[in-house]
Structures are given as structure tokens and as C-alpha cells.
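Numbering (the numbering used here), first residue to last: 8 to 447.
In this text, a Cβ means the ideal position worked out from N, Cα and C, and glycines have one as well.
Because the structure is a prediction, the values reported are computed rather than measured.
Below you'll find the structure, written out as C-alpha cells, and then a few comments.
This is how it looks when you write it as C-alpha cells:
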């Protein structure tokens, strides 16, 4: 069973996650970028946050912290309800069978008063019902596909149709993203100096306390999880690095990636969501990782622009894939329409042959039969004018052809005889002569 400790993370996260797990009632939103299928060269543009893994860990941690609680999972896929055997009997799946069923299933689950209601995704269909369930006292855990973090996620929630008066039901927002980790073989240390500190203070004024903590030389480290003194000097805990290049990282300067978190808790004493700050912001989390040499200093300073660039790349990639899909569908539609026309034409041919066969059996009038053949040929070929010739084989007339029927011309020509060579090419194999103008 995966737990949070199985992922490399800052010790500061553990205390906040424990608070989240022990909290009773309310709605907990896990926000991040869901995995998307992209081409290999687009991996950097859309780096999934590992949302599903963290979501399952949170669900398990909450159930383990509340041994008597039962959970109901409202999801389209059964995989979301897969939990370790020790808690599997406490989890029941309420499968969403089709569109328009999310809200109904959430309301059914809320009436059962479970200790935890797990919702696969927060969208236009499920958002209002999820907040109503949280308002009724049910603890709700839901994931949201989002590029936003902290209180900014609330803007997206409001756009999903949730009324502002329901927002107090939202207790926690845990945002999970990923950043590339420096290659340990070639990362280059940045010369220490006060200009780095001033640059960080100007870029992130709200991180003043975190920077002062690092400057004090005492901080909980990622490697030990304990408050330690790294060494003497005012920049003991502030050794930054930049990406290098070596064969181990194939010249990229990076090897792998790691999760970074933003944890926001709604304070009911505050009048507005948007005036509140995260308990542990994404920038602060990245600062600690950069100070330990895991993240590039430039990536830290350019965090917002980097995130915006990735979001734009994600948008353009999605648009390109949508355009390619539409073009492929259009090509398929044209092929299907062409195939349909061919099938219709073949059906008409078969019907015409059947009609002509029936006419051959029943008709005793050669003129009527010839006129029917002319009409059917014109219908099948889409021709306005048709001429039917009969090559005579009787002795004395073997070199002659007779007009049996006409369509689109004066019927007075019917019965007229002409040289067979005007109609058939008798050189080598006999074949019909092509007429570019009025036929003979």
C-alpha cells in the first residue's frame, strides 16, 4: 500500500497532511494536472502531477485515521475504489453509469451518511451536488483537473456553477504539481552572495519568513526530516545550483522529477477566500527544494512563467490534437460517404438487372424492352441522353447496326440503320466506339 512517506517530500508537509486527515466534515479538493496522452516530444509541455496516486493515498490515510468510518466512492471507473485489503470492506463503489448521473449518485451517497464520500472528479455535473453533500455534514474528497493552485482554485470552482454561499463548505485545497530535478552528476553550484537573497525577496515578497528561516541556519531538511545546522555562515542553508550537462542526463541537466505541493486551508473567520494565503505555498515548497540543490535556481525564480508556458503548451497541444482528430474524422466521413454512394449504385445496378431480367422473361415487345434498357442505363449513369444500338447478324445485314431506342433525342431516328463500323471498332477485338460529339 502506497503512503505519503513513500514519496520524497519535505517534512513540513507531514504536519499539514495530518491536520487535513484528522479534520472532520467539509470538502477537500485535490487539484492538479491529470495525465494526458501526448507524443514523446511533448513530455515537458504536459507533465502530469501524479494526481491519481496522491488522491488514493489521501483516501487511504483518512480511512486509516478514522477506523469506524465507511466510504462511498462515486466514480465512472472501478479502479478508483481499489484499496488495500485491510480497508476494502469499508469502501463501496457507487458507479456512475452514464452522462447526467453524477449528481443523482452523489445525492444517493450523501443520504447514506458515509464517513467519507469520494468523488472521482469535480466538474459542471458534480460540483453543486458535492458542495451540497459537504454542507449536510458529509466529509467529501474530490479531485479537480486544474492548472491553478491555492485560493485561485476557487475561481474555477465558481465557474463550475457552485454558488458563493456554498463556499464555506470547502475546507482544504491541496495542489500537486511536478518539477524537473537537477542531475546530481553535473549540477553547477551558484556563487553565494547577497544578490541571490535580494533577488528572491524581490521575486517572492511573501517568502520573507521562509528566507529568514533558511538564513538562520536551522531548517528541517528533506534528507533527514530534522532541524539541523548545515554549517557556519549566513548562507548555510541557501546553496543553490543550476543545470549542467553530462552523459548521465543526456545533456539535459535534469534527471527525473518530483512532486511539489501547495496546501490551503479555509479560515472561517476570514470574510473572503481570496484574501487568504496558503499554509504552505508552492513557491515556499520549491524554495526549500532549491536550497537543498534539488531544483534549479532559475526554475525557482521563473516558476510562474514556467508554469504559464507549460499551460500554454498544453492548450496548443490539445488544440492541435483536436484539429488532427477532426481532420481524421472528416477524411473518414468522406470515405464513408463515397463507400455509401458506391453501395447505393451497386444496389441500383442489381435492381436494374433484376428489372431487366424480369422484362426479358415477360416482355414480347422488343421496342418496349429496348426503351426500358435505355431508361435504366440513363438512370444508372446519370446520363441525359442514351442511344441503344443493335448489331445485326443476319445474312446480308452483318455489316449493319440498328438504332433500337433513344433517350434525349428525336425518336424518329429509331429503326435507322447505319454502318456497324460507326458504332463498333472492328480492329483487333470488337469494342464500342467512343463518341466525343453527337453519336451516329
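Counted as a single uninterrupted DSSP element, the alpha helix (DSSP H) harbouring residue 63 occupies residues 58-72.
DSSP places residue 325 inside the alpha helix (DSSP H), whose first and last residues are 310-369. Residue 389 and residue 412 have their C-alpha atoms roughly 17 angstroms apart. Here residue 379 is actually not in contact with residue 415; their C-beta atoms are around 15 angstroms apart, not less than 8 angstroms. Taking the CA atoms as reference points, residue 160 sits about 8 angstroms from residue 180. CA-CA distance, residue 309 to residue 294, rounds to 12 angstroms. Residue 281 counts as exposed, since fewer than 16 other beta carbons sit within 10 angstroms of its beta carbon. For residue 271, the pairing in a beta bridge is given by DSSP as 180. DSSP places residue 113 in the uninterrupted alpha helix (DSSP H) bounded by 109-118. Taken in chain order, the complete alpha helix (DSSP H) segments of 4 residues or longer contained in the stretch 113-167 are 134-142 and 160-166. As DSSP reads the structure, residue 398 sits in a beta bridge with 408.
If you compare the alpha carbons of 221, 444 and 80 with that of residue 291, the shortest gap goes to 221. Under the three-state reduction of DSSP output, residue 292 falls in the helix class. Separation of residue 75 and residue 142 (C-alpha to C-alpha, rounded to the nearest whole angstrom) is 21 angstroms. Taking the Cα of residue 273 as reference, the smallest distance to any Cα among 364, 203, 173 and 207 is reached at 173. Residue 117 and residue 135 have their C-alpha atoms roughly 13 angstroms apart. In this structure, 398 is the residue among 418, 417, 419 and 398 with its C-alpha nearest to the C-alpha of residue 409. The shortest C-alpha to C-alpha distance from residue 149 to any of 65, 57 and 166 is the one to 65.
Minimum Cα-Cα distance from residue 122 among the listed residues 99, 103 and 162 corresponds to 99. The beta carbon of residue 169 sits closer than 7 angstroms to those of 134, 135 and 138, all from its chain and outside the five residues before and after it, given in chain order.
Close CB contacts of residue 258 within its chain, under the 8 angstroms cut and outside five residues either way in sequence, are with 252 (chain order). Classified as exposed, residue 333 has fewer than 16 neighbouring CB atoms from the shown chains inside 10 Å of its CB.
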